[in-house]
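Letter 83 of the sequence shown, counting from 1, is numbered 83 in our numbering, and no numbers are missing. The beta-carbon is built from N, C-alpha and C at its ideal position, and this holds for glycine as well. Some notes on the structure that comes next.
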Amino acid sequence: MTQRRSFLRMLAVSLVALTVVVVPAIAEEILGVITKVDVAAKKITVLEKGSDKEVEITTTDATEYVTPKKTSKVDLEKLEKNVTKQIDAGKKGIRAKVTHEKGVASSIAPIAGKKAAN
């Protein structure tokens, strides 16, 4: 009976350890600013926060655009308009968190800007 318990305990600990190691390796997150959107090629360019490194990420039909109110499929034309609007306003682009695996985006979540104090 004690052998069985120790085996189950060892199995449970192994599964937890495996989960801790594997889950973070599945997808990467980039915090930064979306500076370019190429609608035809289905790609976005993100300027990574903390460095001047531009990362090009491909989007698919399954890529989601996540806002606090809803989650929908990404509309690259609308995203391109919003990026252009931000650049015209003197900003670098749209601040966002992009979750991707091997350069293919699974979700894009814009980060709300800080509101000015009155």
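- When the alpha-carbon of D52 is set against those of I30, K70 and R5, the nearest one is in I30.
- Exposure of L11 is indicated by the presence of fewer than 16 other C-beta atoms within 10 angstroms of its C-beta.
- Look at K81 here: in three-state DSSP terms it is helix.
- DSSP places V66 within a strand segment (E or B) once states are collapsed to three.
- Annotation: V39 to F7 spans about 54 Å, alpha carbon to alpha carbon.
- A straight-line Cα-Cα distance of about 23 Å links D75 and K49.
- Around the Cβ of T60, a 10 Å sphere holds fewer than 16 other Cβ atoms; the residue is exposed.
- According to DSSP, residue pairing for V37 in a beta bridge involves I44.
- The residue from A89, S14 and T45 with its alpha-carbon nearest to that of E56 is T45.
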